[in-house]
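For the first sequence, the residue numbers in my numbering are 46 to 565.
For glycine and all other residues, C-beta sits at the position ideal for the given N, C-alpha and C.
Here's the structure we're looking at; comments come further down.
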Amino acid sequence: MIKIIFLGKVVSWKIQSDHEEIMENLNQLLAVKKEKLAKIRELGVDPYPTRCKRTHKIELLLDNKDKFVSSEEIITISGRLKAMRRQGKVGFGNLSDDSGNIQIFVKKDKVGEANYEVFKLLDLGDFVQIEGTCFFTQRGEFSIRAQKVTVLGKSLLPLPTVKEKVVDGKKERYDEFSDIELRYRKRYLDLLLNPEVKRTFQIRALIIKEIRDFLDKRNFMEIETPILQPLYGGAQARPFITHHNTLNIDLYMRIALELYHKRLIVGGIERVYEIGKNFRNEGMDRTHNPEFSMLELYQAYADYSDMMDLTEDMMLHLAKKVFNKESITFGKTEINFKKPWKRASMIELIKDECGFDASDFDFDKIRDFGNKNGIELDKTAGSGKYIEALFEKMVEPKLIQPTFVIDFPKEISPLAKVKPGHPNLTERFELFINGNEFGNAFTELNDPEEQRKRLNAQSRLRELGDVEANVVDEDFLEALEYGMPPTGGLGIGIDRLIMLFTNNSSIKEVILFPQMKPIE
RNA sequence: GGGGGUGUAACUCAGUGGUAGAGUAUCUGCCUUUUAAGCAGAGAGUCGACGGUUCAAAUCCGUCCACCCUCACCA
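Here it is, written out as structure tokens:
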């Protein structure tokens, strides 16, 4: 034990030799790798060189096998060593970069004794550079014959070994890295060992790119609005609270993008969109992560019908760009995006499904029917919340093909404009596909006095104990008082959209680093 | 939060009260066109954590932790 002074503090430091450290703290596999690392250095080779070289990506070689074999061109590839089959004075391996996987062939005679010694010290997972020429082995496998093997980066921890065998044209995997918890906690291993995971995130990136492309072409302007907000709003949800030291105030992480976007519509930007994260301090499960990505867009001089048209076009665009067709397959279900999609009012759908007519908004009648169907809501609930609950329980799971559910109760839509001639309803729709909600849109309320009344009503609900009710945002109301044009707004949950397009039923599969509890 | 399930070697998994196992990976030896390379040998474990029952616990009981499924709430 030795004591040293570090930044003015006395720190105790237990000194251990490398050997003791290995014996005491590390398992055998790590010790072996550290020994190999030391041996490489003893051979005068830098296991972490500053420069590397790559003349060809592996995919390029695989796509032009005959050409590279006949030209005998000397090429240099770099990648991670994924397999090793050594046999005496010759060895085979597999090298992967992000474009593909190729067999390498290293022969002692060819690379020389010293270089072969380095090759023998390589492990699975090491980064390696191979210089050589392409050829076909006796078994006919396209390979690169090394003239020189260079270590680019030695790994110290063993990569789980996944092996594959082709049986009847299908790849069979052995010792797959499949522990779900480990896959999420160590996503880098998941990506490395499970190719379909990488595919999921490639599709995710493509979808987001195509959404931008679609909206940019329609003259929407991409914007960024605050994540840290003095007041939160735009959705029914509980927020995360954080603190700013200099201002000495609590701030909220946004739960929606809506209120800032509408300020920009007031400011004369007629079409805006944002793809960003929202944060909701609520339960976590297969379809909920505390932070999740949303697309929101607002279009001046438009209403919810325009938003339905836009949604249809956008989803169709995505299906065509990702799968090159107008439908996708989720599980065993074919989802068809061909226009036009069904548009039906919430109350009609309830009537069709249960034979119950809620159009008169008779609270006692609706609550009794809800109770009979196992729906019990707290005392702040009016007929609107009961209608929504009935819909969610009885109708929602049955909406498999894309369906716009339109005309929501005013009670649960404090930011949407009333439907003309129907004082209890608003011009609002939610999009349902495969029994899940994918989008939410309104003809936006632009009457500042009406908006104030609605938010005040929310505020009263909050006082009665509704923790998800909206708060009154005076700055937003003031913006409306300067005048907002008629506007249509739309929100789409990106993560769920990715789930649908990648055939995943857990949100954790489409978020690179999903929230997990820390390990004790 | 309720209910159900899982947790054993680096990975995938056997193991129902009596000396902790297999395949892969790792190490040693042999092997100059292999490919889930092969053959021979070796090392490797806090059996999720803590407590209890027992002569004896991976195994039975209890508590806790993590993850999965499901229900409730939410996007």
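Between which two residues does the alpha helix (DSSP H) containing Tyr-161 stretch?
One-based indexing of the first sequence puts residue 161 at position 116. Per DSSP, Tyr-161 belongs to the alpha helix (DSSP H) from 158-165.
Ends of the beta strand (DSSP E) at Met-339?
The residue you call residue 339 lines up with position 294 of the first sequence. Met-339 -> beta strand (DSSP E) spans 336-345.
DSSP-derived helix/strand/coil call for Glu-437
Position 392 of the first sequence holds residue 437. In this structure, Glu-437 counts as helix in the three-state DSSP scheme.
Could you spell out the range, first to last residue, of the alpha helix (DSSP H) harbouring Tyr-349?
Along the first sequence, one-based indexing puts residue 349 at 304. Note, Tyr-349: alpha helix (DSSP H), 349-368.
Would you report the Cα separation of Leu-363 and Ile-256, rounded to the nearest angstrom?
What you label residue 363 is simply residue 318 of the first sequence in a count that begins at 1. What you label residue 256 is simply residue 211 of the first sequence in a count that begins at 1. Those two C-alpha atoms are separated by around 7 Å.
So the alpha helix (DSSP H) Val-242 belongs to, where does it begin and stop?
Your numbering for residue 242 matches position 197 in the first sequence. Counting along the chain, the unbroken alpha helix (DSSP H) around Val-242 starts and ends at 240-262.
Taking just the CA atoms, how far does Lys-199 sit from Leu-126?
As a first step, residue 126 is located in the first sequence; it is residue number 81 there, counting from the start. As a first step, residue 199 is located in the first sequence; it is residue number 154 there, counting from the start. Cα to Cα, the separation comes out at about 10 Å.
Can you check which of these residues, Arg-308, Ile-300, Gly-480, is closest to Phe-375 by C-alpha distance?
The sequence position of residue 375 within the first sequence is 330, counting from 1. For the residues Arg-308, Ile-300, Gly-480, the minimum Cα distance to Phe-375 belongs to Gly-480.
Is His-333 helix, strand or coil when you go by DSSP?
Within the first sequence, the letter at position 288 stands for residue 333. Note: His-333 maps to strand in three-state DSSP.
Counting Cβ pairs, one atom from each stretch, are 3 or more of them under 8 Å apart for the region 546-565 and the region 379-390?
Cβ pair count under 8 Å is below three, so no.
Exposed or buried, what is Gln-132 when buried is set at 16 or more other beta-carbons lying within 10 Å of its beta-carbon?
As a working note, residue 132 is residue 87 in the first sequence. It is exposed - the Cβ of Gln-132 has fewer than 16 other Cβ atoms within 10 Å.
With Asn-469 as the anchor, note down where its beta strand (DSSP E) starts and where it stops.
In the first sequence, the residue the question calls residue 469 occupies position 424. Element bounds for Asn-469: 467-478.
Looking only at its chain, what residues have a beta carbon closer than 6 Å to the beta carbon of Leu-309, apart from the 5 residues adjacent to it on each side?
In the first sequence, residue 309 corresponds to position 264, counting from 1. If we look at Leu-309 and ignore the five residues flanking it on each side, its Cβ neighbours are Val-317.
Give the DSSP-derived three-state secondary structure of Thr-182 in the structure shown.
On the first sequence, position 137 is the one that residue 182 refers to. Three-state result, Thr-182: coil.
Would you tell me roughly how many angstroms separate the C-alpha atoms of Ala-128 and Ile-252, rounded to the nearest one?
Mapped onto the first sequence, residue 128 falls at position 83. Mapped onto the first sequence, residue 252 falls at position 207. Whole-angstrom Cα-Cα distance: 33 Å.
Neighbour-count burial assignment, His-288, 16 or more Cβ in a 10 Å radius
As a working mapping, residue 288 is identified with position 243 in the first sequence. By the beta-carbon neighbour count (other beta carbons within 10 angstroms, threshold 16), His-288 is exposed.
Pull up the CB-CB distance for Ala-282 and Arg-228, whole angstroms please, since I reckon it's below 8 Å.
Position 237 of the first sequence, counted from the start, is the residue given in the question as residue 282. Position 183 of the first sequence, counted from the start, is the residue given in the question as residue 228. The beta-carbon distance between Ala-282 and Arg-228, rounded to whole angstroms, is 29 Å. This is too long to meet the 8 Å contact definition.
Secondary structure of Met-544, DSSP reduced to three states
Here residue 544 corresponds to residue number 499 of the first sequence, with the count starting at 1. In this structure, DSSP gives Met-544 a helical state, which the three-state scheme calls helix.
Who are the near neighbours of Gly-278 in its chain, counting only those whose CB is closer than 8 Å to its CB and skipping five residues on each side?
Along the first sequence, read from residue 1 onward, the residue named residue 278 stands at position 233. Closer than 8 Å at Cβ, skipping near neighbours: Ile-300, Ala-301, Glu-303, Leu-304, Asn-515, Val-516, Asp-518, Phe-521.
Would Ile-5 pass as a contact of Leu-340 if the rule is Cβ separation under 7 Å?
The structure shown does not extend to residue 5, since the chain is modelled only from 46 through 565, so no value can be given for it.
According to the neighbour-count rule (16 or more other Cβ atoms, all chains shown, within 10 Å of its Cβ), is Ala-486 buried or exposed?
Taking the first residue of the first sequence as position 1, residue 486 is located at position 441. Classification for Ala-486: buried.
Given that a residue counts as buried once 16 or more other Cβ atoms are within 10 Å of its Cβ, and exposed if not, what is Lys-387?
Stepping through the first sequence from its first residue, residue 387 is reached at position 342. Residue environment analysis places Lys-387 among the exposed positions, since fewer than 16 neighbouring C-beta atoms fall within 10 angstroms of its C-beta.
Ordered along the chain, which non-local residues of its own chain (more than five positions away) have a Cβ less than 7 Å from that of Val-555?
Within the first sequence, residue 555 is the residue found at index 510, counting from 1. Leaving aside the five residues that flank Val-555 on each side, the residues in its chain whose CB is nearer than 7 Å to its CB run, in chain order, Thr-245, Arg-249, Asp-540, Ile-543, Met-544, Thr-547, Asn-549.
Is there contact between the region 113-123 and the region 133-152, where contact requires at least three CB pairs shorter than 8 Å?
Judged by pairs of C-beta atoms under 8 Å, the region 113-123 touches the region 133-152, as three or more such pairs exist.
Since Asn-418 and Met-439 should fall inside the 8 Å C-beta cutoff, what is the C-beta to C-beta distance between them, to a whole number of angstroms?
Reading the first sequence from its first residue, position 373 is the one you call residue 418. Reading the first sequence from its first residue, position 394 is the one you call residue 439. About 7 Å; that satisfies the 8 Å criterion.
Enclosing beta strand (DSSP E) for Val-151 [first to last residue]:
Locating residue 151 in the first sequence gives position 106, where the first residue counts as 1. Counting along the chain, the beta strand (DSSP E) containing Val-151 begins and ends at 145-152.
Express the C-alpha separation of Ile-294 and Leu-342 in angstroms, rounding to a whole number.
In the first sequence, counting from the first residue as 1, residue 342 sits at position 297. In the first sequence, counting from the first residue as 1, residue 294 sits at position 249. The straight-line gap from Cα to Cα measures roughly 30 Å.
In this structure, does DSSP put Gln-73 in helix, strand or coil?
Translated into the one-based positions of the first sequence, residue 73 becomes position 28. Three-state DSSP puts Gln-73 in a helix.
Residues of its chain near Glu-209, where Cβ-Cβ distance is below 8 Å and the 5 sequence neighbours each way are ignored:
Taking the first sequence and counting its residues from 1, the one referred to as residue 209 is at position 164. Same-chain partners within the cutoff: Lys-216, Glu-217, Arg-218, Tyr-219.
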